[in-house]
Amino acid sequence: ELKVEQNPLFLSMQEGKNYTIYCNYSTTSDRLYWYRQDPGKSLESLFVLLSNGAVKQEGRLMASLDTKARLSTLHITAAVHDLSATYFCAVAINQFYFGTGTSLTVIP
Amino acid sequence: GAVVSQHPSRVICKSGTSVKIECRSLDFQATTMFWYRQFPKQSLMLMATSNEGSKATYEQGVEKDKFLINHASLTLSTLTVTSAHPEDSSFYICSAPRAGRSMNTEAFFGQGTRLTVV
Numbered sequence: 001e002l003k004v005e006q007n008p009l010f011l012s013m014q015e016g017k018n019y020t021i022y023c024n025y026s027t028t029s030d031r032l033y034w035y036r037q038d039p040g041k042s043l044e045s046l047f048v049l050l051s052n053g054a055v056k057q058e059g060r061l062m063a064s065l066d067t068k069a070r071l072s073t074l075h076i077t078a079a080v081h082d083l084s085a086t087y088f089c090a091v092a093i094n095q096f097y098f099g100t101g102t103s104l105t106v107i108p
Numbered sequence: 001g002a003v004v005s006q007h008p009s010r011v012i013c014k015s016g017t018s019v020k021i022e023c024r025s026l027d028f029q030a031t032t033m034f035w036y037r038q039f040p041k042q043s044l045m046l047m048a049t050s051n052e053g054s055k056a057t058y059e060q061g062v063e064k065d066k067f068l069i070n071h072a073s074l075t076l077s078t079l080t081v082t083s084a085h086p087e088d089s090s091f092y093i094c095s096a097p098r099a100g101r102s103m104n105t106e107a108f109f110g111q112g113t114r115l116t117v118v
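Chains as they are written, first to last, in my numbering: chain E, 1 to 108; chain L, 1 to 118.
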């Protein structure tokens with residue numbers, strides 16, 4: 001059974017600080033996705049990573065993929081309150097397998 | 001703009017009644033759609049895969065007679081919760097994958113449906 005684990009599950013960080021969310025998965029895949037979910041809302045696509053070594057950046061968020069280590073990271077730079085949300089990674093193999101989610105709270 | 005539209009966004013129904021949720025791909029054809037259920041503060045749980053022109057594939061533990069899925073066309077899949085009970089109250093999300101360039105397949109998600117059974 002494919003497992004997708006995120007670390008940490010809960011993250012409270014101060015504005016202006018940096019932090020990294022980790023996504024580990026248990027089988028080979030070269031497609032890794034990151035999504036954001038606000039309370040009561042559906043998922044918003046953030047990044048699609050398609051190859052080993054892929055790195056993508058959008059604003060204060062940067063995602064990377066290491067397929068050999070079966071690891072993806074989502075790095076937050078100089079956090080702001082608007083980034084408070086739950087972040088999910090997902091691995092695609094015939095279907096999408098979602099990670100456990102990381103609930104991020106950015107405090108002033 | 002949204003490429004997958006899900007309706008309704010919220011519904012309250014009485015126990016014992018049935019509720020239909022629609023999921024439409026707006027500007028592409030989706031031979032496959034996925035239906036997820038999400039409990040508060042948890043991840044998405046795949047319920048079933050909807051296949052256009054054939055029967056849906058249900059995940060283990062999901063009652064196919066209770067959660068009826070119909071994929072009537074290349075742009076529409078419906079999930080009907082039959083004889084709803086309070087424990088069926090949840091957030092239901094549909095998803096449709098769209099193949100792009102360079103084999104880049106991305107999943108687009110509907111807005112979700114908050115079902116409350118009273």
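Heads up, the beta-carbon is just placed ideally off N, CA and C, and yes, glycines get one too.
Throw me the rounded Cβ distance for the L:Val-118 and L:Ile-12 pair, which I believe falls under 8 Å. In the second sequence, counting from the first residue as 1, residue 118 of chain L sits at position 118. In the second sequence, counting from the first residue as 1, residue 12 of chain L sits at position 12. Yes, L:Val-118 and L:Ile-12 are in contact; Cβ-Cβ is about 6 Å, under 8 Å.
Residue environment, E:Leu-2, which counts as buried when at least 16 other CB atoms sit within 10 Å: What you label residue 2 of chain E is simply residue 2 of the first sequence in a count that begins at 1. In the assembly as shown, E:Leu-2 is an exposed residue. Its beta-carbon has fewer than 16 other beta-carbons within 10 Å.
My understanding is that E:Ala-63 touches E:Thr-73, with C-beta atoms under 8 Å, so please give their C-beta distance in whole angstroms. Looking up residue 63 of chain E in the first sequence gives position 63. Looking up residue 73 of chain E in the first sequence gives position 73. Taking C-beta atoms under 8 Å as the contact rule, E:Ala-63 and E:Thr-73 qualify, at a distance of about 7 Å.
Whole angstroms is fine: what's the gap from L:Gln-60's alpha carbon to L:Ala-84's? Residue numbering aside, residue 60 of chain L sits at position 60 when the second sequence is read from its first letter. Residue numbering aside, residue 84 of chain L sits at position 84 when the second sequence is read from its first letter. Rounded to whole angstroms, the gap between the alpha carbons of L:Gln-60 and L:Ala-84 is 20 Å.
Quick one: give me the first and last residue of the beta strand (DSSP E) that E:Val-80 is part of. Taking the first residue of the first sequence as position 1, residue 80 of chain E is located at position 80. Going by DSSP, E:Val-80 is part of no beta strand (DSSP E) at all; its letter is neither H nor E.
Euclidean distance between Cα positions of L:Arg-101 and L:Phe-28: Counting from 1 along the second sequence, the entry for residue 101 of chain L is found at position 101. Counting from 1 along the second sequence, the entry for residue 28 of chain L is found at position 28. Here the model assigns L:Arg-101 a pLDDT of 48, short of 50, so the residue's position is not dependable and the matter cannot be decided.
Which of the three DSSP states, helix, strand or coil, is assigned to E:Glu-58? Within the first sequence, residue 58 of chain E is the residue found at index 58, counting from 1. In the structure shown, the three-state DSSP call for E:Glu-58 is strand.
Looking at L:Ala-48: is its Cβ nearer than 8 Å to the Cβ of L:Tyr-58? Here residue 48 of chain L is taken as the residue at index 48 of the second sequence, counted from 1. Here residue 58 of chain L is taken as the residue at index 58 of the second sequence, counted from 1. Yes; because the gap between Cβ atoms is below 8 Å, this pair is in contact.
Cβ shell of L:Lys-64 (< 6 Å), same chain only, five flanking positions each side left out: As a first step, residue 64 of chain L must be located in the second sequence, where it is residue number 64. Only residues of its own chain outside the window of five on either side were considered, and among them Tyr-58 have a CB closer than 6 Å to the CB of L:Lys-64, listed in chain order.
Beta-carbon within less than 6 Å of E:Pro-108's beta-carbon, same chain only, minus the 5 sequence neighbours each way: which residues are those? Counting from 1 along the first sequence, the entry for residue 108 of chain E is found at position 108. Here the set comprises Glu-15.
Taking all protein chains shown into account, decide if L:Asp-88 is buried (16 or more other Cβ within 10 angstroms of its Cβ) or exposed. Here residue 88 of chain L refers to the residue found at position 88 when the second sequence is read from its first residue. L:Asp-88 should be labelled buried.
Neighbour flag for L:Gly-61 against chain E, beta carbons, 8 Å: Position 61 of the second sequence holds residue 61 of chain L. It does not; no Cβ of chain E falls within 8 Å.
Are the Cβ atoms of L:Phe-108 and L:Val-3 separated by less than 8 Å? Residue 108 of chain L sits at position 108 when you count from the first residue of the second sequence. Residue 3 of chain L sits at position 3 when you count from the first residue of the second sequence. At the C-beta level, L:Phe-108 and L:Val-3 come within 8 Å of one another.
Smallest Cα separation from L:Gly-112: which of E:Ile-93, E:Pro-39, E:Asn-7? In the second sequence, the residue the question calls residue 112 of chain L occupies position 112. Looking at the Cα atoms, E:Pro-39 is the closest of the given residues.
Name the residue from E:Phe-98, E:Val-48, E:Tyr-22 whose alpha carbon lies nearest to the alpha carbon of E:Ala-69. The sequence position of residue 69 of chain E within the first sequence is 69, counting from 1. Residue E:Tyr-22 is the option with its Cα nearest to E:Ala-69.
Classify L:Gln-38 as buried or exposed, calling it buried when 16 or more other Cβ atoms lie within 10 Å of its own Cβ. For this step, residue 38 of chain L is matched to residue 38 along the second sequence. If you draw a 10 Å sphere on the C-beta of L:Gln-38, you find 16 or more other C-beta atoms in it, and that means buried.
Closest by C-alpha distance to L:Phe-91, when choosing among L:Met-33, L:Arg-98, L:Leu-79: On the second sequence, position 91 is the one that residue 91 of chain L refers to. Comparing alpha carbon positions, the residue from L:Met-33, L:Arg-98, L:Leu-79 closest to L:Phe-91 is L:Leu-79.
Residue-level contact to chain E via CB, L:Gly-112, 8 Å cutoff: Here residue 112 of chain L is taken as the residue at index 112 of the second sequence, counted from 1. Residue contact check for L:Gly-112 against chain E: a CB pair falls below 8 Å.
With 8 Å set as the bound, which would you pick, yes or no: does the beta-carbon of E:Phe-47 sit closer than that to a beta-carbon of chain L? Here residue 47 of chain E is taken as the residue at index 47 of the first sequence, counted from 1. Closer than 8 Å: no.
Ignore the nearest five residues each way along the sequence and tell me which others in E:Tyr-97's own chain have a CB closer than 7 Å to its CB. For the purposes of this step, residue 97 of chain E is taken as residue 97 along the first sequence, with counting starting at 1. Excluding positions up to five away in sequence, the list reads Leu-2, Val-4, Ala-90, Val-91.
L:Val-19 - containing beta strand (DSSP E), residue span: By one-based count along the second sequence, residue 19 of chain L stands at place 19. Residues 19-25.
So E:Lys-41 contacts chain L; which residues on that side make the cut at Cβ distance below 9 Å? Within the first sequence, the letter at position 41 stands for residue 41 of chain E. Residues of chain L passing the Cβ test: Gln-111, Gly-112.
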